[in-house]
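Inspection log for the structure reproduced underneath, given as structure tokens.
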Amino acid sequence: MSEANTHGTTASAGSAPLTPVLTRRWLSPESWSLRTYEQLEGYTALRTALAAHPDQITELVKSAGLRGRGGAGFPSGVKWGFMPKERSRPHYLVINADEGEPGTCKDVPLMMADPHSLIEGCVIAAYAMRANHCMIYVRGEALHCIRRLHHAVREAYEAGYLGRNILDSGFDLDVVVHAGAGAYICGEETALLDSLEGKRGQPRLKPPFPAQAGLYSCPTTVNNVETIASVPYIVNGGAEWFRSMGREKSPGPKIFSLSGHVERPGQYEAPMGTTLRELLDLAGGMKDGVPLKFWTPGGSSTPLFTADHLDVPLDFEGATEAGSMLGTTALMIFNETVSVPWAVMKWTQFYEHESCGKCTPCREGCFWMAQVLERMVAGRGTEEDIDTLLDVCDNVLGRSFCALGDGAVSPITSGIKYFREEFLALCESNRGQDNTQDRESALAGVAR
Amino acid sequence: MTEQFDYTRTEHVLDPSGPTPAEHAGSDADVFDERVRAEAGAIIERYPDSRSALLPMLHLVQSVQGCVTTEGMRFCAEQLALSTAEVNAVVTFYTMYKREPCGKYLVSVCTNTLCAAMGGDETYRALSEELGVGHEETAGTPGSEGSVTLEHAECLAACDFAPVMQVNYEYFDHQTAERALETVRALRRGEPPHPTRGAPLTDFKDTERQLAGFFDGPGAREGATASASAPETVRGAELARQEGWTAPPMPDEVDLPPVPDTK
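Set out below in structure tokens:
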């Protein structure tokens, strides 16, 4: 199939604008309880999976084309396939529930409303990867989620879906719900593993990849909540059914999280490749009719889009081709009352706070970029500051130890690309003035 | 010489025998009694490797003392056969471990970009003024009824409810400065309002006990939290129901792919 053809047609030409799969149960009373879950086909996929060969499950997930919902979009079945087949060492499945990317708010509601779908997915995935231990690393601030998950895990143990000899299959699985302690970087999979080992959450050098040496140096797969929660549906519906939604290379339904200046913010589960124009239409349009100015397709680490990108198909290919990334489909929507340099400054302050300090480009780069932006927003910037920012961005992007540094430059470079005149306007009052002295003193000292 | 002085101060803080300012939380050797030790042991039991217990154990320490004191670090170090310095390195990395005693209520206002643009910054300023404190500072005597610690938080993963605030990590959605002030004044009076979602507020220490993985204390009962899903959470699902939109039906029978050939 030609490239153009692949991208030009949606596999879901005839499907509805919203395709509730993961979110379908959320409307049911006490949707988080085992009773409701079992009434609505819960734990039926588990029986099918446990009756199959583990490798059949991995093959199924591969052929369904499920891609990681945590932001990177790596094919999940391929990732599972990296796990060794022999069990010479313990295997681990780790769930990344450290949802913290600004704008991202899909996993927390999923775990609150339907924790058993995650647990069922964990058992199936662990079976496929021959893992007898699963850790769910939830960010500590999500207390209500942690409570719900803990309760659901206990219910699952009591019902025989977890523990020894699950449903008489001979397969054992223990699940531990682990609360984090407040560190964005722990959403990076290797930093998460260090954190789970009781250390400072700093990323590890790859290779070795977690499938070779992950948790406790044993074969490990780290998957996002939404990814794993999709697995039971794939087992029940099959690869072809899953591919009947979304697009050729990014199949399936996806939870789009609309936030900000929209009439009806919230979680909308639609086929991959749905556009912001379509989603805005479903969400009642811009709040009070104030026009759209900029938005993120998938959190603050994905370069900004503008009103010119309303028709970009939101899947992994579509977002990338338009110059951004799909990320976590966290659509933060800002109207024209919001200053771009201010928003970029706020995000940069976030990255400065969350940079783990391990590598120099990110640690120093975020620190200085935040200061330059603060100075500009305070009206003390110059045109040169824009070049300085872009120069520093150039030294952070691709030169940092992990993706946090890459994410940190996204709002800055895209903000300047689309809204340079706003940055220039901030410098207007300083044009032609000799403020070299001021600038030098700001750069020389570390005092803030 | 200044450096030498700083070094000495650091040593003093880390010195196991010396008291620290944080220890006015009424800590003595008895604070970590048999019960706490047994619970620390239970945390270790959850993991294949004992060091994994450190993060939850530090939450347990906070459930006892309302912050992580030097003594708390020493306690963890002893349980896990680590040095106090190793524990200290971890404590200082994570924002949820407080080095000063926390109020009965920890108020966290999201001031990340989206919440800030929608009023979060204004809310934070209003609360700071009302309480007369800044980031990670406490109004009232820490631990006593009505004591409130204020902090500004990064994205709290509830952006569809923006601007948001948390009290003891329970969500208060759609916070204007006025609504947040009302909440905080009620907290100061010792009359905690019910969060928009989650369990009734009790005490920061009870919250930390749950984060350590113990759900037997006040505020941890699932039954008390069985409110319906929030409108924002089910927006798409509700709209689809109204419109009769569904995902394509699943086939009755699904064939799994064959077991791949192992080469």
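In order, the protein sequence lines correspond to chains A and B.
According to the working numbering, numbering within the first sequence proceeds without interruption in unit steps and concludes at 450.
According to the working numbering, numbering within the second sequence proceeds without interruption in unit steps and concludes at 264.
Ideal placement from N, C-alpha and C gives every residue a C-beta, glycine not left out.
So what does DSSP say about residue 295 (chain A), is it helix, strand or coil? Reduced to three states, the DSSP call for residue 295 (chain A) is strand.
Verify the CB distance criterion: does residue 149 (chain A) have a CB-CB separation below 8 Å to chain B? In terms of beta-carbon proximity, residue 149 (chain A) lines the interface with chain B, with at least one pair separated by less than 8 Å.
In the region 94 to 161 of chain A, which residue ranges form an unbroken beta strand (DSSP E) of at least 3 residues, counting only runs that do not cross its ends? Counting only runs of 3 or more, we get 94 to 99 and 135 to 140.
Mind listing, in chain order, the continuous alpha helix (DSSP H) runs of no fewer than 4 residues lying wholly within the region 168 to 248 of chain A? Within the region 168 to 248 of chain A, the runs of alpha helix (DSSP H) that reach at least 4 residues and sit entirely inside it are, in chain order, 191 to 198 and 227 to 245.
Output, in chain order, the set of chain A residues within a Cβ distance shorter than 9 Å of residue 53 (chain B). Using a Cβ-Cβ cut-off of 9 Å, residue 53 (chain B) is close to 137, 178, 180, 198, 199, 200, 217 and 218 of chain A, given in chain order.
Going along chain A in order, which residues have a C-beta closer than 9 Å to the C-beta of residue 60 (chain B)? Here the neighbours are 142, 181 and 183.
How about residue 297 (chain A) and residue 335 (chain A): do their beta carbons lie closer than 8 Å? Contact flag set, yes.
8 Å is my cut-off, CB to CB: does residue 79 (chain B) come that close to chain A? The Cβ of residue 79 (chain B) sits no closer than 8 Å to any Cβ of chain A.
For the pair the region 69 to 83 of chain A and the region 223 to 234 of chain A, tell me if three or more CB-CB distances fall below 8 Å. The region 69 to 83 of chain A and the region 223 to 234 of chain A touch, with no fewer than 3 CB-CB distances between them shorter than 8 Å.
Name the two residues that bound the continuous alpha helix (DSSP H) containing residue 90 (chain B). For residue 90 (chain B), the enclosing alpha helix (DSSP H) begins and ends at 85 to 92.
Using CA coordinates, which residue listed in B:161, B:137 and B:251 is at the minimum distance from residue 104 (chain B)? Comparing Cα positions, the closest option is B:137.
By the three-class DSSP mapping on this structure, what secondary structure does residue 378 (chain A) have? Helix at residue 378 (chain A).
For the region 318 to 402 of chain A, list the alpha helix (DSSP H) runs that are entirely contained and at least 4 residues long, ordered along the chain. If we require 4 residues or more, the alpha helix (DSSP H) runs fully inside the region 318 to 402 of chain A come out as 318 to 323, 342 to 356, 362 to 379 and 385 to 398.
Using 8 Å as the limit for Cβ to Cβ distance, is residue 110 (chain B) near chain A? The beta-carbon of residue 110 (chain B) is placed no less than 8 Å from the nearest beta-carbon of chain A.
Residue closest to residue 206 (chain A), alpha-carbon to alpha-carbon, out of A:359, A:28, A:26 and A:412: Here the closest residue by C-alpha is A:359.
Through-space distance from residue 88 (chain B) to residue 148 (chain A), alpha-carbon basis: One C-alpha to the other measures close to 24 Å.
Residue 273 (chain A) by DSSP, collapsed to three states: which one? Taken through DSSP and simplified to helix, strand or coil, residue 273 (chain A) comes out as strand.
Measuring CA to CA, which of B:66, B:109, B:253 and B:258 is closest to residue 166 (chain B)? Looking at B:66, B:109, B:253 and B:258, the one whose alpha-carbon comes closest to that of residue 166 (chain B) is B:109.
Between the region 422 to 430 of chain A and the region 398 to 409 of chain A, are three or more C-beta pairs nearer than 8 Å? Output reads no: the region 398 to 409 of chain A does not touch the region 422 to 430 of chain A.
Assuming residue 270 (chain A) and residue 20 (chain A) form a contact by the criterion Cβ under 8 Å, report the distance between their Cβ atoms to the nearest whole angstrom. About 6 Å separates the two Cβ atoms, so the contact holds.
First through last residue of the alpha helix (DSSP H) which encompasses residue 166 (chain B): Careful: residue 166 (chain B) lies outside any alpha helix (DSSP H), inside the beta strand (DSSP E) at 166 to 168.
DSSP on residue 153 (chain B), reduced to helix/strand/coil? Note: residue 153 (chain B) maps to strand in three-state DSSP.
Spatial distance of residue 102 (chain B) from residue 60 (chain B) (CA atoms): So the alpha carbons of these two residues sit roughly 13 Å apart.
Does the beta carbon of residue 222 (chain A) sit closer than 8 Å to a beta carbon anywhere in chain B? Not an interface residue.
Keeping to the same chain, check which residues put their C-beta closer than 8 Å to that of residue 185 (chain B); ignore five residues upstream and five downstream. Shown here for residue 185 (chain B): same chain residues with a beta carbon closer than 8 Å to its own, the five before and five after excluded, namely 108, 128, 131, 132 and 149 in chain order.
Strictly below 8 Å CB to CB, what residues from chain A border residue 176 (chain B)? Correct list: empty, because the minimum Cβ distance to chain A is about 14 Å.
Secondary structure of residue 314 (chain A), DSSP reduced to three states: In the three-state scheme derived from DSSP, where H, G and I count as helix and E and B as strand, residue 314 (chain A) is classed as coil.
Cα-Cα, which of B:57, B:47 and B:66 is closest to residue 31 (chain B)? By alpha-carbon distance to residue 31 (chain B), the top candidate from B:57, B:47 and B:66 is B:66.
If you draw a straight line from the alpha carbon of residue 272 (chain A) to that of residue 22 (chain A), how long is it in whole angstroms? Cα to Cα, the separation comes out at about 7 Å.
Does the beta carbon of residue 392 (chain A) come closer than 8 Å to any beta carbon on chain E? No chain E is present in this structure, whose protein chains are A and B.
Return the first residue and the last residue of the alpha helix (DSSP H) that residue 260 (chain B) is part of. According to the DSSP assignment, residue 260 (chain B) belongs to no alpha helix (DSSP H), since it is labelled neither H nor E.
Could you give the residue range of the beta strand (DSSP E) that holds residue 256 (chain A)? From DSSP, the beta strand (DSSP E) with residue 256 (chain A) extends over 255 to 262.
Counting only the same chain and skipping the five closest in sequence on each side, list residues whose C-beta sits under 7 Å from that of residue 142 (chain B). In the same chain as residue 142 (chain B), and ignoring 5 residues on each side of it, the C-beta atoms closer than 7 Å to its own belong to 148, in chain order.
With a CB to CB cut of under 7 Å and the five nearest residues on each side skipped, what residues in its chain are close to residue 205 (chain B)? The residues are 67, 103, 104, 105, 106, 107 and 169.
How long is the line joining the alpha carbons of residue 52 (chain A) and residue 161 (chain A), rounded to whole angstroms? The straight-line gap from Cα to Cα measures roughly 16 Å.
Spatial neighbours of residue 38 (chain B) within its chain, please: CB distance less than 7 Å, with the 5 preceding and 5 following residues excluded, ordered by chain position. Apart from sequence neighbours up to five positions away, no residue of its chain approaches residue 38 (chain B) with a beta-carbon distance below 7 Å.
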